Amino acid sequence: MDSGIPMEHFLVLAALLFGIGLFGVLARKNAIAVLMGIELMLNAVNINFLAFAREWGGGMAGTVFVVFVIAVAAAEAAVALSIIIAIHRRFKSANVDEVDHLKN
Amino acid sequence: MIEWAWWIPVLPALSFAVILLLTRRSKALSAVISILTMAVCFAMSLGVLFELFQMAPENRKLVVPGGGIPWVEIKPFLITVGALIDPLSVNMLCVVTFISLLVQVYSLGYMRDDERFSTFFAYLSLFSASMLTLVVSPNYVQIFMAWELVGLSSYLLIGFWYFKDSAANACKKAFIVNRFADLLFLIGVITIGMTFQTFDFSLVDGVVKQGLANGSLSSGFVAGLALLLFSGAMGKSGQFPFHIWLPDAMEGPTPVSALIHAATMVTAGVYLIARTFTLFTADPLSMTVVAYTGAFTALFAATIALAQDDIKRVLAFSTLSQLGYMVLALGVGGYTAGMFHLTTHAFFKALLFLGAGSVIHSVHTNDIWEMGGLWPKMKATGWTFLIACLAISGIAPFAGFWSKDEIFVAVEQSRIPGHGLLLTAAVFTAFLTAFYMFRLFFVVFMGPRKKAAHGSTGGDSHGEPHESPLNMVLPLSILGFFSVVAGLVNAPGINAYSRFLYFGSEPEIGVFHFGLAGVSTLAAVAGIILAGAFYWKHLLSPAAWAEKHKGLYTLLKNKYYIDEIWAWLVENVLFKLATAFAWFDKRVVDGGMVDGAGWVTRRVGSMVRKTQTGQVQQYALVVFAMVAVLYFVLSFGF
Chain A
1 MDSGIPMEHF LVLAALLFGI GLFGVLARKN AIAVLMGIEL MLNAVNINFL
51 AFAREWGGGM AGTVFVVFVI AVAAAEAAVA LSIIIAIHRR FKSANVDEVD
101 HLKN
Chain B
1 MIEWAWWIPV LPALSFAVIL LLTRRSKALS AVISILTMAV CFAMSLGVLF
51 ELFQMAPENR KLVVPGGGIP WVEIKPFLIT VGALIDPLSV NMLCVVTFIS
101 LLVQVYSLGY MRDDERFSTF FAYLSLFSAS MLTLVVSPNY VQIFMAWELV
151 GLSSYLLIGF WYFKDSAANA CKKAFIVNRF ADLLFLIGVI TIGMTFQTFD
201 FSLVDGVVKQ GLANGSLSSG FVAGLALLLF SGAMGKSGQF PFHIWLPDAM
251 EGPTPVSALI HAATMVTAGV YLIARTFTLF TADPLSMTVV AYTGAFTALF
301 AATIALAQDD IKRVLAFSTL SQLGYMVLAL GVGGYTAGMF HLTTHAFFKA
351 LLFLGAGSVI HSVHTNDIWE MGGLWPKMKA TGWTFLIACL AISGIAPFAG
401 FWSKDEIFVA VEQSRIPGHG LLLTAAVFTA FLTAFYMFRL FFVVFMGPRK
451 KAAHGSTGGD SHGEPHESPL NMVLPLSILG FFSVVAGLVN APGINAYSRF
501 LYFGSEPEIG VFHFGLAGVS TLAAVAGIIL AGAFYWKHLL SPAAWAEKHK
551 GLYTLLKNKY YIDEIWAWLV ENVLFKLATA FAWFDKRVVD GGMVDGAGWV
601 TRRVGSMVRK TQTGQVQQYA LVVFAMVAVL YFVLSFGF
């Protein structure tokens, strides 16, 4: 491919997306919002991989890795959602702050 | 026979187990097992003695089985269990098994009506096993173990009638006083082991002799060790001030008093000194302490015996006094004399106690002032008791004369500072001994038959005192015989005993010292005559004398208040110290250290626990924060 957008632009984008996702994971009260943050982080990492793959070649390794991450993210989202549903059934709330029964 | 000698202590132990576990309900069976066992042991002891005689003197020392069975092997210590066979231990084997056998036969009659008859024989067997183990011990560890076992047996036997408060107190007192004295003994044993890297008697003796010869070992140090061992001997053999348990031990049945507190257990201390004599003779200091302790105890106990009214108490103090003689003998280097007196004393003291038992059995009281006029009614007891009194007073040719005389000679010839004083004390004690023994004889057997305070004249259902049955009279007669002839084995000209049992490489054959013999006989005869004047012919009045010297009499009667002094010491010194240590243990060790460790852990835990909030987002925050820190550390390396 010919060099279009410089690689750094992609990395910065990925970093920003990762940061937003991290914020979501650490600071949102709603469990689903936390999940969304996780998905964002995963996708940010994907962008990183692709950016490096485009720049430095290395065969199909980078792309294949990205496909893996997408698949795993999907599976993990399914599992995480079922856990949230179970918690909601138990605690009647999706607020992560209230699920502190392992406290002390 | 010598290879089987180790069975001698084992058989009575088996007898003990069998009686307690299997035959307790059958009085006859228990007695048979116990007595048969002891008869076999006695026969074996004689066999060993005979075989030892056949051996050349240099060879008369071996340990069976096969040098001892290795028991504890921790480099460099090898502690064995076994039986050391040499003239000293064989002497004790014969004495212990013989007296034990006679006492057990006597108990057939004396304890016949007791409910716990079988248990009594079991305990007697246990005692015999322990004592026999003690006298054949080849090392300090085995002797210490046997020592404590003997103490246990004594406890069980003194407190045989445990439902009596006095007996319960007496057996506790005996055990505790002995335990207390044995503390120093134990320290001595441990020090010996640590210093010489072995516990074996022969090896320790060898190392000590070498060390003293080439100067690497200080004689004062060895004397210190000897004195630590002597503490144990003082407890067991009733030397002042650890004598207090022996008079109280008379609470036990009379056969027990005869066996344990006259002939055998109390002689264990004397035996210990003889066995470890190499350590004692290293330095004059230990010898002097031993000699003076012995002489003092002999005199001290004899004075107390003058004022006692209980027949067994008189004999108890007499035993203390004679033990003092034995200890004195060893202290002045009279190894053979001391052991010879131990042997003859075993005969006539056991006889005296068994005779007393016979009297008590007949008149149902221990108080000599409730007795009297028993001679015509109890001929066998009377005659044998008389023989024993003559023997203990040292009248020739009875047994006691020869052994006491040898002690006097040993004292006279010794180089201990002040041995003249020791000799005077010893001779004066002989005078007192003759006096109080014949006081006992005249009051109990002579004079009119008294009516007891509670109105009966005692005796059996006929109301009359009578001679005891054959199983009690037979041992009396046998012991009577030996009290007459036993001394002759070492008469001048024969000297068989001195040639058999001696310390060092050469026997020392003493010359007969007519002067000393004369003086001691004079003292004894004077004592007898004076006793006769007071208590038989009533030319002098004991009551008037007691009135005139009231202070002295009260002092003697109350045993110089030594028991009260000990009680005060225990209450005010020992218990106070113990309370202080208990406080320290409770508040500092238990409270500060143990509880404290727990308390600190819990406090820290409750603080650290607060970081576990249960909120997953917080945990995630910590993780990512650390990642950031890690990044900085790795790139800029603080």
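So the protein lines, in turn, are chains A and B. Note that the working numbering numbers the first sequence so that position 74 is 74, with each residue one more than the last. Note that the working numbering numbers the second sequence so that position 510 is 510, with each residue one more than the last. Backbone N, C-alpha and C fix where the C-beta goes; we use that ideal spot for every residue, glycine too. Since the model is a prediction, treat every value here as computed from it, not as a measurement.
My guess is that residue i and residue j are in contact by the Cβ rule of under 8 Å, so how many angstroms apart are they, rounded?
i, j, result
"B/Tyr140", "B/Gly193", "7 Å"
"B/Val484", "B/Ile387", "6 Å"
"B/Pro253", "B/Phe160", "6 Å"
"B/Ile407", "B/Leu328", "7 Å"
"B/Pro138", "B/Thr80", "6 Å"
"B/Gly372", "B/Arg449", "6 Å"
"B/Val290", "B/Phe300", "That belief does not hold up - the Cβ atoms of B/Val290 and B/Phe300 are roughly 15 Å apart, past 8 Å."
How should residue i be labelled, buried or exposed, when 16 other C-beta atoms within 10 angstroms of its C-beta is the threshold for buried?
i, result
"B/Lys164", "exposed"
"B/Val96", "buried"
"B/Tyr631", "exposed"
"B/Thr343", "buried"
"B/Leu574", "exposed"
"B/Arg587", "exposed"
"B/Ser125", "buried"
"B/Asp200", "buried"
"B/Lys209", "exposed"
"B/Asp460", "Only weak support exists for where B/Asp460 lies, its pLDDT of 49 falling under 50; the coordinates are left without a value."
Can you tell me whether residue i is helix, strand or coil according to DSSP?
i, result
"B/Val81", "strand"
"B/Pro65", "strand"
"B/Val72", "strand"
"B/Ser461", "Low local confidence applies: a pLDDT of 49 at B/Ser461 is under 50, so the model's placement there is unreliable, with the coordinate-based value given in what follows. DSSP places B/Ser461 in coil when its eight states are reduced to three."
"B/Asp595", "helix"
"A/Asn30", "strand"
"B/Leu227", "helix"
"A/Asn95", "strand"
"B/Asp200", "strand"
"A/Asn46", "helix"
"B/Asn139", "strand"
"B/Asp563", "helix"
"B/Asp367", "strand"
"B/Asp182", "helix"
"B/Asp310", "strand"
"A/Gly57", "coil"
"B/Lys164", "coil"
"B/Arg587", "helix"
"B/Met437", "helix"
"B/Lys550", "helix"
"B/Gln104", "helix"
"B/Thr319", "helix"
"B/Ser216", "coil"
Could you tell me which of the options sits nearest to residue i, measuring between CA atoms?
i, options, result
"B/Gly639", "B/Phe296, B/Phe481 and B/Leu351", "Since the first and last residues shown for chain B are 1 and 638, residue 639 of chain B lies out of range."
"B/Leu183", "B/Tyr155, B/Phe242 and B/Ile35", "B/Phe242"
"B/Val103", "B/Ser15, B/Ala181, B/Ala263 and B/Pro70", "B/Ala263"
"B/Val411", "B/Gly614, B/Phe575, B/Thr288 and B/Thr119", "B/Thr288"
"B/Leu552", "B/Ala226, B/Lys312, B/Met371 and B/Ala307", "B/Ala307"
"B/Ala258", "B/Ser318, B/Ala17, B/Ser26 and B/Val444", "B/Ser318"
"B/Pro284", "B/Leu52, B/Leu46 and B/Pro417", "B/Pro417"
"B/Met111", "B/Ala31, B/Pro9 and B/Gln210", "B/Ala31"
"B/Ala567", "B/Tyr155, B/Leu11 and B/Val177", "B/Val177"
"B/Ala233", "B/Val256, B/Leu134, B/Leu203 and B/Ile158", "B/Leu134"
"B/Leu22", "B/Gly518, B/Thr119, B/Gly333 and B/Thr276", "B/Thr119"
"B/Val525", "B/Leu476, B/Ser321 and B/Val427", "B/Val427"
"B/Phe482", "B/Val444, B/Ile392 and B/Leu501", "B/Ile392"
"B/Leu149", "B/Trp369, B/Phe53 and B/Arg179", "B/Arg179"
"B/Phe445", "B/Glu51, B/Gly487 and B/Trp536", "B/Trp536"
Cβ of residue i less than 8 Å from any chain C Cβ?
i, result
"A/Val79", "Judged by its chain identifiers, the structure shown contains no chain C, and its protein chains are A and B."
*Looking at C-beta atoms only, is the number of pairs between the region 244-261 of chain B and the region 548-567 of chain B that lie closer than 8 Å three or more?*
yes
*Kindly confirm or deny that the region 98-107 of chain B and the region 221-228 of chain B touch, where touching means at least three C-beta pairs closer than 8 Å.*
no
*asked:* When you compare the region 400-418 of chain B with the region 267-275 of chain B, are there three or more beta-carbon pairs, one atom per stretch, that lie closer than 8 Å?
replied: no
*Between the region 352-366 of chain B and the region 329-339 of chain B, do at least 3 Cβ pairs fall closer than 8 Å?*
no
*With a cut-off of 8 Å, do at least 3 Cβ pairs link the region 75-93 of chain A to the region 88-102 of chain B?*
no
*Segment contact flag, the region 379-387 of chain B with the region 418-433 of chain B, C-beta cutoff 8 Å, min 3 pairs*: no
*Counting pairs of Cβ atoms below 8 Å between the region 503-523 of chain B and the region 125-140 of chain B, do you hit three or more?*
no
*On the three-pair Cβ rule with 8 Å, is the region 52-67 of chain B touching the region 73-81 of chain A?*
no
*Does the region 529-541 of chain B come close enough to the region 438-450 of chain B that 3 or more CB-CB pairs lie under 8 Å?*
yes
*Counting Cβ pairs closer than 8 Å, one from the region 2-22 of chain B and one from the region 34-44 of chain B, do we hit at least three?*
yes
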